[in-house]
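A.B. asks: I'd like to ask you about the structure that follows.
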Amino acid sequence: MERLNGIQASEGIAIGSVFVYDPGEYSLDYRRIVPGDVAGELDRLHEALASVSEELKAIRVQVEENIGKEHAQIFDVHLMILEDSALVGPTEAFITDKFMNAEHAFWLAFRKLHEQFDAIQNDFFRQRNADLVSIEKRVLGKLRNQEDTGLSQLPHDVVLVARDLAPADTALLDNDRVLGIVTEVGGATSHTAILARGLEIPAVVGISALMHRLETGDQVIVDGRRGRVILDPDEATLVYYRQETERYRQRAEGFVEARELPAETMDGVRVSLQGNIELPAEVESARAYGAEGIGLYRTEYLYLAQGRLPDEETQYAAYTRLAERTTPQPLVIRTLDLGGDKLSHLLPTLPETNPFLGWRAIRLSLGSLDLFRVQLRAILRASAQGNIKIMFPLVSGIAEFRQAKAVLKEVQEDLRAEGTAFDGQCDVGVMIEVPSAAVVADQLAQEADFFSIGTNDLIQYTLAVDRGNEQVAYLFDPYHPAVLRLIKHVIDVGHEHQIPVSVCGEMAGDPIASLLLIGLGIDSLSMTPRALPEVKQMIRKVPFETLKQAAIAAVNMDGGEAVLAHFQEVLGELFTDSMVEEVEV
Ligand code: PEP
Ligand code: MG
314 MERLNGIQAS EGIAIGSVFV YDPGEYSLDY RRIVPGDVAG ELDRLHEALA SVSEELKAIR
374 VQVEENIGKE HAQIFDVHLM ILEDSALVGP TEAFITDKFM NAEHAFWLAF RKLHEQFDAI
434 QNDFFRQRNA DLVSIEKRVL GKLRNQEDTG LSQLPHDVVL VARDLAPADT ALLDNDRVLG
494 IVTEVGGATS HTAILARGLE IPAVVGISAL MHRLETGDQV IVDGRRGRVI LDPDEATLVY
554 YRQETERYRQ RAEGFVEARE LPAETMDGVR VSLQGNIELP AEVESARAYG AEGIGLYRTE
614 YLYLAQGRLP DEETQYAAYT RLAERTTPQP LVIRTLDLGG DKLSHLLPTL PETNPFLGWR
674 AIRLSLGSLD LFRVQLRAIL RASAQGNIKI MFPLVSGIAE FRQAKAVLKE VQEDLRAEGT
734 AFDGQCDVGV MIEVPSAAVV ADQLAQEADF FSIGTNDLIQ YTLAVDRGNE QVAYLFDPYH
794 PAVLRLIKHV IDVGHEHQIP VSVCGEMAGD PIASLLLIGL GIDSLSMTPR ALPEVKQMIR
854 KVPFETLKQA AIAAVNMDGG EAVLAHFQEV LGELFTDSMV EEVEV
């Protein structure tokens, strides 16, 4: 038996056998074919190559229009590589002579091409390796989509172990098959962790050197609450965790009973508790956990989960369904936040050295106006069916917000001219998640209908700590006075301008942080649905005045530890009650 400590990503306990997922080796892709399949595999290969080639040509045109000719030239290089006989020839040979399936043959031919490029003592060719990776991903993505290999084909009841999982992969996981997730890479607010919480799959991230310790079939326990993984557990530990699972279930039932009660402090201060969703189906669990609406719908997963860009009708249908399920309560639809770690092979993204500081979210939408307009049309049309609010992500200042609103206005005018119904009074808000936006909150407040503070990014950018990097996770401190002061500033400014302020980052769903945010004066909190009942129960046990005083003290403290200690002292029993007992097992 061995205990490994990582970062808590999604609470709950999973006991089961491991499935090691190593996409670097494309272990799920290899399949030996029979001679009769050769022609079919060759066809699949050529279809995938042709389709990627078409995509690259379209991207080249778009990039040339949007960014400029010099940036578009890179796609000529990609096209050349794609058509190169040094790639296509060996791939075909692996299929016809070695009876490999198209994915594996292509992957192997690519490895050889990489080696050749690496061996060339010339910077130009060595730098082209990044281009190779990008093409490889595109082609393999196509082949996999056609054949649906990959994570959607996992065996049942496994604990998925991987070096890293892209958000797009995690979005495809099925919680009937996957009992738990453990990764080497990641932080508590990485998008994979957020998705795991949404899917209610217990998860621990950030355990280094994990992959070579485990093999498919090994027994493990994933303890999401403590951020711990136990390899090869002994009988006593198994017994303990089975009991713990039962205690956990009973505790969760107790919380759910509180779902009809208002989120109100002992002295009558009411806050609104809403749900964050990534996938439309999650709206049901948000309702079940008592959410008073959806405070954040991360629409990019509609793009990531599909093999193609969702057209207006697909988006309209998804937004309408959600609006109908949520009305009369609000549904806050956040426009596309692709980029960063949420890359889509469907978009013309150039390789970036710092993707989180790069072409992401509203920047990408404003740089791809056709895409943006389609999304806004779909949202506006759906606004006729429910209480929809629109929110722009990663806005850095007033000029950018005005630009986004100008596009929205154009789309509204088009709809009006067509006679298409939409809600002309639909609120338009800004996410405050870039420090510059927090600093100029007074300017934004004059033109926004609401603020929603995205603490995941606000913390990342304020403290210069990559939210997905386990090596610096210890520095990701939601209670850092710089963060707390920015949040307080945004709340105060919002209230001076009579606009509501909400938090939709992960801080909102943390029982202690949520109380701190209430003490700072927040109007609503939007969180992963499963966190709602516990947060509500905590709120109902404390007077607002106590929270206010504790929050005022917190902004002047040294950091997270001091703030937590202070809250524990002030609120005493309340926390020990709600925490799972820290028994060493
Ligand atoms: C945030 O940054 O806090 C947020 C809610 O947005 P996301 O986690 O999707 O970046
Ligand atoms: Mg964000």
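So the mapping is simple: the working numbering equals the position in the sequence shown, first residue as 1, plus 313.
Ideal placement from N, C-alpha and C gives every residue a C-beta, glycine not left out.
Only a predicted model underlies this, so the values are computations on that prediction, with no experimental measurement involved.
Counting C-beta neighbours from all protein chains within 10 Å, is the total for Ala773 16 or more, i.e. buried, or is it exposed?
C.D. replies: Looking at the sequence provided, one finds Gln at residue 773 rather than Ala. With 16 or more Cβ atoms within 10 Å of its Cβ, Gln773 is classed as buried.
A.B. asks: Quick one: give me the first and last residue of the beta strand (DSSP E) that Thr496 is part of.
C.D. replies: Where Thr496 is concerned, the enclosing beta strand (DSSP E) stretches over Val491 to Thr496.
A.B. asks: Quick one: does the C-beta of Gly767 sit closer than 6 Å to a heavy atom of the ligand MG?
C.D. replies: Answer for Gly767: yes, Cβ within range of the ligand MG.
A.B. asks: Is there at least one Cβ from chain D nearer than 7 Å to Phe764's Cβ?
C.D. replies: Among the chains in the structure shown there is no chain D, since it carries only a single protein chain.
A.B. asks: Can you name the residues that DSSP bridges to Glu655?
C.D. replies: The question names Glu, yet the displayed sequence has Lys at residue 655. Answer by DSSP bridge pairing, in chain order: Gly652.
A.B. asks: Return helix, strand or coil for Ala734, following the three-state DSSP convention.
C.D. replies: In the structure shown, Ala734 sits in coil (DSSP, three-state: anything other than H, G, I, E or B).
A.B. asks: Per DSSP, what kind of secondary structure is Lys450 in: helix, strand or coil?
C.D. replies: Lys450 falls in the helix class under three-state DSSP.
A.B. asks: With a threshold of 6 Å (Cβ to nearest heavy atom), would Asp770 be considered close to the ligand MG?
C.D. replies: Correct: Asp770 has its Cβ closer than 6 Å to the ligand MG.
A.B. asks: Between Cys739 and the ligand PEP, is there a pair consisting of the residue's CB and a ligand heavy atom that are separated by less than 6 Å?
C.D. replies: It does not: the Cβ of Cys739 is nowhere closer than 6 Å to a heavy atom of the ligand PEP.
A.B. asks: Pull up the distance between the alpha-carbon of Val472 and that of Arg583, whole angstroms please.
C.D. replies: Cα-Cα distance, rounded: 40 Å.
A.B. asks: Of all the beta strand (DSSP E) runs that stay within the bounds of the stretch 721-775, which reach a length of 3 or more residues?
C.D. replies: Counting only runs of 3 or more, we get 741-745 and 763-766.
A.B. asks: Would Ile520 and Glu557 qualify as a contact pair, given that the criterion is a beta-carbon distance under 7 Å?
C.D. replies: No, Cβ-Cβ distance for Ile520 and Glu557 is not below 7 Å.
A.B. asks: How big is the Cα-Cα spacing for Leu829 and Leu609?
C.D. replies: Going from the Cα of Leu829 to the Cα of Leu609 covers about 20 Å.
A.B. asks: Compare the Cα-Cα distances from Asp489 to each of Ser503, Glu513 and Glu746 and report the closest residue.
C.D. replies: Measuring from the Cα of Asp489, the nearest candidate turns out to be Glu513.
A.B. asks: Cα separation between Ile711 and Val753?
C.D. replies: Their Cα atoms are separated by approximately 8 Å.
A.B. asks: Helix, strand or coil for Arg604, going by three-state DSSP, please let me know.
C.D. replies: The displayed chain sequence assigns Ala, not Arg, to residue 604. In the structure shown, Ala604 sits in coil (DSSP, three-state: anything other than H, G, I, E or B).
A.B. asks: Nearest-angstrom Cα distance between Glu597 and Gln738?
C.D. replies: Roughly 27 Å separates the two Cα atoms.
A.B. asks: Taking the beta strand (DSSP E) that Glu315 falls in, what are its first and last residues?
C.D. replies: That run of the beta strand (DSSP E) goes Glu315 to Asn318.
A.B. asks: Spell out a yes or no on whether the stretch 622-638 and the stretch 862-876 are touching, meaning 3 or more CB-CB pairs, one atom from each, closer than 8 Å.
C.D. replies: The stretch 622-638 vs the stretch 862-876: no contact.
A.B. asks: Flag this pair as touching only if the stretch 534-544 and the stretch 319-333 have three or more C-beta atom pairs under 8 Å; answer yes or no.
C.D. replies: The answer is yes - the stretch 319-333 touches the stretch 534-544, with three or more Cβ pairs under 8 Å.
A.B. asks: Give me the Cα-Cα distance between His417 and Gln850, rounded to the nearest whole angstrom.
C.D. replies: Each residue's alpha carbon lies about 52 Å from the other.
A.B. asks: Quick one, which of Val741, Glu713, Arg694 and Gln759 has its alpha-carbon nearest Gly732's?
C.D. replies: Comparing Cα-Cα distances from Gly732 to each of Val741, Glu713, Arg694 and Gln759, the minimum goes to Arg694.
A.B. asks: Could you please give the first and the last residue of the uninterrupted beta strand (DSSP E) stretch that includes Ala415?
C.D. replies: Taken as a continuous stretch (DSSP letters only), Ala415 belongs to no beta strand (DSSP E), being part of the alpha helix (DSSP H) at Ala415 to Ala432.
A.B. asks: With H, G and I counted as helix, E and B as strand and the rest as coil, what does DSSP make of Gly353?
C.D. replies: In the structure shown, Gly353 sits in a helix (DSSP, three-state: H, G or I).
A.B. asks: Would you check whether the ligand MG has a heavy atom nearer than 6 Å to the C-beta of Glu591?
C.D. replies: For the ligand MG, not one heavy atom lies less than 6 Å from the Cβ of Glu591.
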